[in-house]
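Read through the structure below, which is laid out as structure tokens, and then see the notes.
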Amino acid sequence: METRSAKRKKYWLEGENGIDRISDLPDVVLHQILFHLPIKSIAQTSVLSKRWRSLWISFPDLDFTSINPIGVASTNAPNTKPSIKNKRLLLCPHSFSVKRLDFISQVLALRDKQSDLRILRFRAPLSFSRLNGLIRLAVRQNVQELDVEVATDDYFNFPRSVLTSESLRVFKLRSRYPGFRLLPPSVMKGGFQSLHTLSLSLVILYDQPTLSDLFTDSSFPRLKKLNLDACFGLKQLKVSCLALEEFTLENCFQLHGLDVSGAKLKTLQVASCFDAYCDKSWVKINAPSLRVMVWEYNAITENSSLENLVSAHEASIGFFVLNEDFSVTKLRSVSNLLSALSRLHTLTLEGQCVEVLSSRNYIANLMHPFDQLKSLELQTGFNKHNLPGLAYLFKCSPALHTLILKILNDYKIERRKWNKDLWDMPSSEEQFWESQSQALKPLLNNLSVVKIHGFLECENEVSLAKFLLKHGKALQEMTFFSGHCNYRDSLRRQKIRSQMMGFSRASSNAKIEFL
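Under full-length UniProt numbering, the residue at position 466 of the sequence shown is numbered 466, and the numbers go up by one with no gaps.
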């Protein structure tokens with residue numbers, strides 16, 4: 001008598017007509033279909049027939065991240081060959097306890113030795129010996145992409161077997177805790193000849209604070225993407241790989257010096273880096289093909305030298321300023337950085353950029369104008385102390401088409417409410433903007449779209465909006481994105497909105513919208 005389970009298997013394979021058409025498909029097609037299933041579901045198909053078991057043991061893309069998250073799997077199981085009983089268990093992985101078996105190493109050991117491994121991904125708490133064992137198994141099977149996230153009981157060394165792999169194209173190693181150390185430079189520079197993507201996170205470099213000759217063209221001749229995150233102890237870094245197209249550096253708080261050069265580099269992202277207490281910090285960038293630059297929450301360096309950024313199109317810039325340290329040297333460094341990006345079409349300034357530009361000392365360190373800038377986004381606390389910085393940016397952006405202001409929540413408590421008739425008695429802010437009307441004439445002749453986020457009808461915001469409506473010759477659209485308000489504020493808001501709409505009809509054809 002045919003069991004219910006057998007009937008389900010038969011129906012799954014043969015359908016209503018009793019013809020197994022799926023199994024006749026080529027391996028490459030079936031592997032592509034299975035690729036979209038969780039690893040457990042793929043393993044379960046191996047009990048259907050010998051054909052499907054063959055597909056399972058030759059499956060090239062092994063992603064264990066769904067069943068082996070950090071903090072769940074056991075780390076101390078012995079590294080042994082699978083027994084016949086274990087082989088049966090592997091066909092139905094839900095039937096065994098991860099505390100007794102290392103599912104990952106068992107699957108790797110059972111794979112068809114003639115089938116190369118394309119992808120291996122896993123996350124697990126492991127000992128260094130177990131981690132090395134898994135990576136060696138993968139390298140022997142000519143793995144092309146290795147994505148590993150681990151937590152260990154102690155620091156571990158960079159896996160040596162990765163260096164000599166001729167098949168490996170992508171290597172990502174993330175340590176949750178406590179981190180890993182690189183091998184000696186003489187050893188590290190001897191491998192990676194085929195690698196095109198490298199991502200390292202939580203690297204302990206107190207014994208190697210300077211990496212000036214590792215990321216070179218001779219060590220990484222094919223490297224296109226490099227991501228370094230949380231490199232503790234790193235003080236100086238030089239990257240000069242000729243094939244490099246994307247470089248990301250994050251959370252390197254002890255960094256003193258950064259030197260990046262590459263003829264093909266197109267995207268550069270540096271975030272939360274540099275030692276804010278170092279008085280000799282520096283950055284040097286030479287990238288003629290650079291299109292996108294992200295420079296966010298970095299301490300201001302004492303010296304900035306950016307050269308040949310002739311292709312730069314889009315940038316996001318932000319700084320972390322300690323105790324408002326606006327020394328002349330650091331302001332000159334900010335000016336040099338922004339001046340090197342003068343060919344941008346799209347610019348976002350966040351962090352404390354506007355505050356830096358509003359500093360008294362900044363006027364002595366003038367930057368080059370953004371003659372080609374079309375879109376400018378400013379994230380700032382909107383108060384009277386920032387008005388000089390805003391006006392200076394507007395002067396430097398004569399061809400601007402779109403202006404986006406995002407007013408930071410942290411500063412809203414400092415913004416004075418507009419409690420008088422908006423148009424009868426000009427405020428000091430209105431008088432300031434009126435004094436800038438001649439200098440801002442090129443901007444006012446081109447500005448078409450204005451969007452203000454976090455608009456609470458405060459004095460500074462209304463003054464700027466009124467100025468742009470009055471003098472914006474090309475203004476077509478002004479949108480205000482406001483937050484929640486109580487009943488009393490809502491009445492006040494309605495009055496301000498009606499006055500704003502009336503002023504727009506009188507002096508401008510711009511469409512005004514409140515959202």
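A virtual CB, placed ideally from N, CA and C, is assigned to each residue, including glycine.
The model shown is predicted, which means the values in this text are computed figures rather than measured ones.
Inter-residue Cα distance where the pair is residue i and residue j
i: Ser474; j: Ala510; result: Residue identity check: residue 474 is Ala in the sequence provided, not Ser. Distance between the alpha carbons of Ala474 and Ala510: 8 angstroms.
i: Ala287; j: Leu393; result: 25 angstroms
i: Thr329; j: Thr346; result: 27 angstroms
i: Arg291; j: Lys266; result: 5 angstroms
i: Arg174; j: Lys238; result: 21 angstroms
i: Asp217; j: Lys264; result: 12 angstroms
i: Thr65; j: Gln106; result: 16 angstroms
i: residue 536; j: Ser129; result: Within the shown structure, residues of the chain are numbered from 1 to 515, placing residue 536 beyond reach of any answer.
i: Arg332; j: Ser127; result: 49 angstroms
i: Gly23; j: Arg51; result: It should be noted that the sequence gives Ser, not Gly, for residue 23. The straight-line gap from Cα to Cα measures roughly 7 angstroms.
i: Asn86; j: Pro38; result: The predicted model places Asn86 with a pLDDT of 45, which falls under 50 and marks its position as unreliable; any figure quoted below should be read in that light. Going by the C-alpha atoms only, they are around 20 angstroms apart.
i: Val334; j: Asp279; result: 15 angstroms
i: Thr248; j: Gln144; result: 22 angstroms
i: Leu110; j: Ser49; result: 17 angstroms
The alpha helix (DSSP H) enclosing residue i, as first and last residue numbers
i: Ser339; result: Val328 to Ser339
i: Ile460; result: The sequence given here places Asn at residue 460; Ile does not occur at that position. That run of the alpha helix (DSSP H) goes Glu459 to His471.
i: Asn187; result: Note that residue 187 corresponds to Val in the displayed sequence, not to Asn. Per DSSP, Val187 belongs to the alpha helix (DSSP H) from Pro185 to Met188.
i: Ile135; result: Phe128 to Arg140
i: Ile204; result: It is not in any alpha helix (DSSP H) - Ile204 instead sits in the beta strand (DSSP E) that spans Thr197 to Ile204.
i: Lys374; result: Per DSSP, Lys374 belongs to no alpha helix (DSSP H) and is neither H nor E.
i: Ser212; result: Here Ser212 belongs to no alpha helix (DSSP H); instead the beta strand (DSSP E) covers Thr210 to Thr216.
i: Leu366; result: That residue, Leu366, is in no alpha helix (DSSP H); it is neither H nor E in DSSP.
Residue i (DSSP reduced to helix, strand or coil)
i: Lys406; result: strand
i: Glu429; result: helix
i: Cys353; result: helix
i: Phe394; result: helix
i: Val107; result: helix
i: Val162; result: helix
i: Asn386; result: helix
i: Asn227; result: strand
i: Gly181; result: As written in the sequence, residue 181 is Arg, which differs from the Gly given in the question. Three-state result, Arg181: strand.
i: Ile300; result: coil
i: Gln379; result: strand
i: Ser115; result: coil
i: Ala151; result: strand
i: Thr45; result: helix
i: Asn446; result: coil
i: Met293; result: strand
i: Val310; result: coil
i: Ala439; result: coil
i: Leu344; result: coil
i: Ile512; result: strand
i: Ser95; result: With a pLDDT of only 39 at Ser95, under 50, the local geometry of the prediction cannot be trusted, and the value read off the model is given with reservation. Three-state result, Ser95: helix.
i: Met478; result: strand
i: Tyr487; result: Per-residue confidence for Tyr487 stands at a pLDDT of 49, beneath the threshold of 50, marking its modelled position as unreliable; the derived number appears in the next sentence. If DSSP states are grouped into helix, strand and coil, Tyr487 belongs with the helices.
i: Ile317; result: strand
i: Leu237; result: strand
i: Leu30; result: helix
Boundaries of the beta strand (DSSP E) in which residue i is found, first to last residue
i: Val449; result: Val449 to His453
i: Arg174; result: Val170 to Tyr177
i: Ile285; result: Trp282 to Asn286
i: Asn303; result: Asn303 to Glu307
i: Arg123; result: Ile119 to Pro125
i: Gly233; result: No beta strand (DSSP E) holds Gly233; DSSP gives it neither H nor E.
i: Leu62; result: Asp61 to Asp63
Which listed residue (the options) has its alpha carbon closest to that of residue i
i: residue 516; options: Phe253, Leu344, Lys113 and Ser66; result: Residue numbering for the chain in the displayed model covers 1 to 515; residue 516 lies beyond these limits and cannot be assessed.
i: Phe514; options: His453, Thr248 and Pro221; result: His453
i: Leu161; options: Tyr155, Tyr277, Gln141 and Gly472; result: It is Ser, not Leu, that sits at residue 161 in the sequence shown. Taking only the C-alpha atoms, the option nearest Ser161 is Gln141.
i: Lys225; options: Leu255, Phe253, Phe192 and Cys252; result: Phe192
i: Leu198; options: Lys441, Val28, Cys241 and Pro178; result: Cys241
i: Phe274; options: Leu468, Ser482 and Asn251; result: Asn251
i: Glu296; options: Ile285, Leu268, Ser305 and Ala312; result: Leu268
i: Arg181; options: His196, Tyr206, Leu440 and Leu344; result: Tyr206
i: Ser359; options: Lys470, Gln431 and Pro388; result: Pro388
i: Asp116; options: Ser127, Thr152 and Leu55; result: Leu55
i: Pro398; options: Ile404, Leu373, Thr380 and Leu408; result: Leu373
i: Phe432; options: Ile300, Phe370, Asp371 and Asn386; result: Asn386
i: Lys406; options: Ser427, Leu390, Leu48 and Gly381; result: Gly381
Residue i at chain C interface by Cβ criterion, 9 angstroms
i: Lys113; result: Included in the structure is just one protein chain, with no chain C present.
Distance cut-off 8 angstroms: residue i Cβ against heavy atoms of the ligand GTP
i: Ser201; result: Absence of the ligand GTP is noted for the structure shown, with no ligands found whatsoever.
Taking only runs that begin and end inside the segment 240 to 271, name each unbroken beta strand (DSSP E) of 3 or more residues, in chain order.
246 to 252 and 257 to 261
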